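Step one of this worksheet: look at the structure below.
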């Protein structure tokens, strides 16, 4: 079977580069278009990009000519790494032109007709797609993945919600500098420092998990019935968003119960079978000093969640720490996994 | 009036050096004895110490001979920077021998007869001293200052408790490497990383504020009636413990009310008059990215609290961030301020 | 005597802020004008500036209205923190309009009629000023201070040159991020990394010391007769440029001789008497692990040089390390000290 | 063919872990013994080790019982990660007992009968082995690999020496914290700092390259006829030793010549054919800001050299920068590559 042709919007940026990295040698997709700003459009990708990842620009794309970001690409699916303002303007145009758009950007995440999708959390939310197409008069559609910090916390929350009921959560994150892209955070701001503010992030952390843990009913997502409070902080870490989480559950549990729940949790088999899925999606570390960014960010090729430090919370029920890799699971690789799910569900096809 | 003669136990360690730094040129105290381990005892202080602070060993003490840590020092007050195990063994001996002991160590902090003292929080807890002397048969006494992370959170909590009532707090800290002393945290563990564990710190954060915010009644401290949950994290920051705090209050408040409460708060005048007291003990920063360790740790010569990012908490009532300098307010300078209070209260005198 | 009225060009940038910091409470100068870009001009300085230094914007200037950078300021002397391109265009206009211009910028450093001045190195180079005024038809003049990395190495080189003769030097620097201004170096480039390139810096390091160590003869500077090779590197350090230096001298010396030379060196008394001069301009550290940025950058209020690790060089004669504070001695404070010298020499006067 | 049985001495330390990592799934060797200190001996490796590398202890060795470091192991070759003092005492005993000992430790590096071996630099130095065996009365032998910082500079120096002649080199290194092992460098010493001293390292840098670039003649190594001056610095980088190098060559060359020389250089084919050899041993980067630790340390699976910033040296002939991964090429992987060479040369065999 021939591969599904993929285009990457804003392929020269830091998230765009992660898309390139992930889609090289992908079993389902092949990169057939890369777009960039007027500054880079028309140049070979290898010349236009300031490659931030290890090694060199992959040979497969180094000579590919960067195209303008216009909805006339010869592809079957779009991966968008567009910045917020451009995403708001351009992604609907791609959707109207018939493309499935898998986006990392934030503008449409809370749109009631756009699935905010993580295969292990809410694969059934893709049922919004035909409603989105019908109500917005689109041949294509937009599917968003969550903010990288929301991603870190949502799978453990969903698992707790399903097992015990979840009433409230209070979260503090410690987030990596790569989450701000490039050039991103000035070194004078963050070397030896913590900045207790990331624009808009607290709000995303407080709203996205509630949508993602919600229930699909008749073309709508009913929000999950828990409250979420969050404070996002930037720390001098390169990759990996770490979260400190307290949860008020629907019933009393022991920390052993929760450890066992996390340790033995697996998504449905058809999710585990997705090409990019790690074998172990959720890793429980019993050591008293884990998870840590430098040791746990790359678990499952950067697609696994790692949790640890499960303890009693003197105020709520349970405290724990969770981490994911912010530019892999929390961005590009998360979108690719979403696309793999949508292929399996029949929403994306080769032309 | 002649100065009060002060001895510093474990004067060569990182907290001991901060004591030296603070007591040089102090209006009430003069350093007349420095003690150290067998390795350094007998040497001039300037030779025995691996000076970690800026500049050189102060001339006033460079030639002072380091003495063994035994309760026969020619001093009126003891500042103890002893490590935990030695503090547990030696500090009671100094108290029995008649010395007032101002300690940074943890063993006696939760002793019901030992004041866990911060002048701006609970100056009246020094009333425990005669009870301690009587029940333990000591001529001297021990007064402890709080753990450096507890210190960061306790003053804002106390102010909220007094103003509105406080029912519960959930805290996550981001703590500096200097809190672990020297050599302390290996660089391979913390460079570009966060370690979600500091031995014993979660427990201290959960218990000490409740004692400090408690009420002195008839020779005892009745614990404050709020619950406290905490997670301590080590971050690659040199100085300054930052805390993310959510509070459930006794009544509904607006964020403006809380900002104004913090902004206009002052301790009693006799506390403000202590020689080391900063003019502004609690600094409220309205900027959306403050407080930060590198910008706010040194406020008030390292003795002020800085708070900011006051926001509504979707789960409780209010969230905010707070910081203090961990080796100044949270350690040596905090002890010196305690001693200044005890001089004013008459518990410490020149011989 | 009334103070000399000083204006700061580009006062809102990182070097401009250092000028403000140094000139507050200066015994000779008072700030009477601050200029900024069109974005900040017209606003109170406290509103237009993103204050990067510790503490808050000094009260004395917080309400001062930022002016456009035009040569109509009501001042007696100009301190310029302009970026390169603007400096090239605007500084000559200020000089033509009659202002003495003390500049941090690079465009005129190698101009044969512009003194590249460090009071302790080449105070007699100010004799170029009347020649500059005559040949360029200026009522005012431009005096430059050296690049921050050149500054680190030039005083020790000059002292060696005078004592023993200097034939060649090979230098590798490790430079702080504050040298790049704000936002400057992206954190993703430098956290846990070294970047072996700073645009144009190698060339400045290789040429400026030769001019500064040169001889004033009849309206010209004859370059010093040594060769200089340099490699500049950026390291994850906030402040302080450290240099590793090998020198080929005019005669054989022992390391003890050099240590004694450095340890006992003082500038002429009239230089030592300048208001900002540190008591000890050159500090020799005998420890085997000094100088270090965090311990030595602030020596002499950031105006001293610190040298150490003097050793035999198996190829040349001597190796050693040197450091200065790049935004103080190497930038703003260095300019202020130059101005103090020029006041003493009569080139700058109150109106 | 059955694999050669390998034992790792001090397998629980940081270099020992790198040996484990490299020898898992090695085509020639299989780990059959791991030794450790009395604290860990007798325990399963997975319990005794504080695993510092990414991921978990490899399953293949997690249950292997750690043995005491005594010369009675059931192996054909020894990889030693012993610390200096123990290496000095124990490695000769292993050599006497008949084992080939590949060591990372320093005590025997400058022994005139011990090859200081890097396959790409001096494979013929293994001819010392029979002389070592004869003169020391050993059935086995010791082969050392170079200090991690010497390793970074020696291959480029050797290539220049062969091509143009080499008269002198002046070097300044910027070395990673992993070079000091674990716990190694205290974070308070290095976070945001540079330490211009690594015990003994300057001397190793100044002597080892001269031995390695020397000529084997009749059972002896005649030292290379160039002089070497070096200053080692510790920087806050996790892995990768970067060196700034100036060289005085035997004849004038252009920078293009040198770039081409480096770019087209390959070792002999039999060295390239060693199982661990990277395809490209020496990588020339033409960008003006390379090599950098975070981008270039892992080139060639951590076994390649990367060079760049080739420029004219105003004092000597050429300047450039070079980097290798200090715990891979500069330690464990370098030893394994040495062992692969010795297998090919017949000095190591399966029993």
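Residue numbers (our numbering), protein chains in the order written: chain L, 68 to 418; chain P, 68 to 418; chain A, 68 to 418; chain Y, 68 to 418. Cβ coordinates follow ideal geometry from the N, Cα and C atoms, glycine included. On a predicted model such as this, the values are computed, not experimentally measured, just so you know.
Assigned exposure category for residue i - 16 Cβ within 10 Å defines buried
{"i": "residue 375 of chain Y", "result": "buried"}
{"i": "residue 225 of chain Y", "result": "buried"}
{"i": "residue 172 of chain P", "result": "buried"}
{"i": "residue 298 of chain A", "result": "buried"}
{"i": "residue 217 of chain P", "result": "buried"}
{"i": "residue 284 of chain P", "result": "exposed"}
{"i": "residue 112 of chain P", "result": "buried"}
{"i": "residue 162 of chain Y", "result": "buried"}
{"i": "residue 400 of chain P", "result": "buried"}
{"i": "residue 236 of chain L", "result": "buried"}
{"i": "residue 130 of chain Y", "result": "exposed"}
{"i": "residue 202 of chain P", "result": "exposed"}
{"i": "residue 333 of chain Y", "result": "exposed"}
{"i": "residue 182 of chain Y", "result": "buried"}
{"i": "residue 84 of chain Y", "result": "buried"}
{"i": "residue 187 of chain Y", "result": "buried"}
The beta strand (DSSP E) enclosing residue i, as first and last residue numbers
{"i": "residue 169 of chain Y", "result": "167-170"}
{"i": "residue 75 of chain L", "result": "71-76"}
{"i": "residue 101 of chain A", "result": "96-101"}
Run of the alpha helix (DSSP H) containing residue i, from where it starts to where it stops
{"i": "residue 203 of chain L", "result": "195-203"}
{"i": "residue 279 of chain A", "result": "268-279"}
{"i": "residue 413 of chain Y", "result": "Segment: none, residue 413 of chain Y is in no alpha helix (DSSP H) and carries neither H nor E."}
{"i": "residue 327 of chain P", "result": "322-330"}
{"i": "residue 217 of chain Y", "result": "215-231"}
{"i": "residue 361 of chain A", "result": "360-363"}
{"i": "residue 159 of chain Y", "result": "151-163"}
{"i": "residue 341 of chain P", "result": "Here residue 341 of chain P belongs to no alpha helix (DSSP H), and DSSP marks it neither H nor E."}
Pick from the options that is closest to residue i, judged by C-alpha positions
{"i": "residue 94 of chain Y", "options": "Y:109, Y:71, Y:115 and Y:104", "result": "Y:71"}
{"i": "residue 137 of chain Y", "options": "Y:389, Y:396, Y:165 and Y:353", "result": "Y:165"}
{"i": "residue 354 of chain Y", "options": "Y:387, Y:338, Y:381 and Y:348", "result": "Y:387"}
{"i": "residue 214 of chain Y", "options": "Y:130, Y:199, Y:85 and Y:185", "result": "Y:185"}
{"i": "residue 79 of chain P", "options": "P:116, P:178 and P:395", "result": "P:116"}
{"i": "residue 281 of chain L", "options": "L:191, L:76 and L:154", "result": "L:191"}
{"i": "residue 88 of chain Y", "options": "Y:232, Y:369 and Y:373", "result": "Y:369"}
{"i": "residue 124 of chain P", "options": "P:81, P:304, P:360 and P:206", "result": "P:81"}
{"i": "residue 273 of chain L", "options": "P:382, P:126 and P:144", "result": "P:382"}
Residues that DSSP places opposite residue i in a beta bridge
{"i": "residue 432 of chain L", "result": "The question about residue 432 of chain L has no answer here: the residues shown for chain L are numbered 68 through 418."}
{"i": "residue 239 of chain Y", "result": "Y:298 and Y:311"}
{"i": "residue 372 of chain Y", "result": "Y:349"}
{"i": "residue 283 of chain A", "result": "A:288"}
{"i": "residue 210 of chain A", "result": "A:169"}
{"i": "residue 184 of chain P", "result": "Residue 184 of chain P pairs with nothing; no bridge assigned."}
{"i": "residue 253 of chain Y", "result": "P:253"}
{"i": "residue 146 of chain P", "result": "P:75 and P:169"}
{"i": "residue 379 of chain P", "result": "P:385"}
{"i": "residue 262 of chain A", "result": "A:301"}
{"i": "residue 316 of chain Y", "result": "Y:233"}
Mind pulling the beta strand (DSSP E) runs of 3 or more residues that sit fully within the stretch 83-143 of chain P? Look at the stretch 83-143 of chain P and you find these whole runs of beta strand (DSSP E), each 3 residues long or longer: 96-101.
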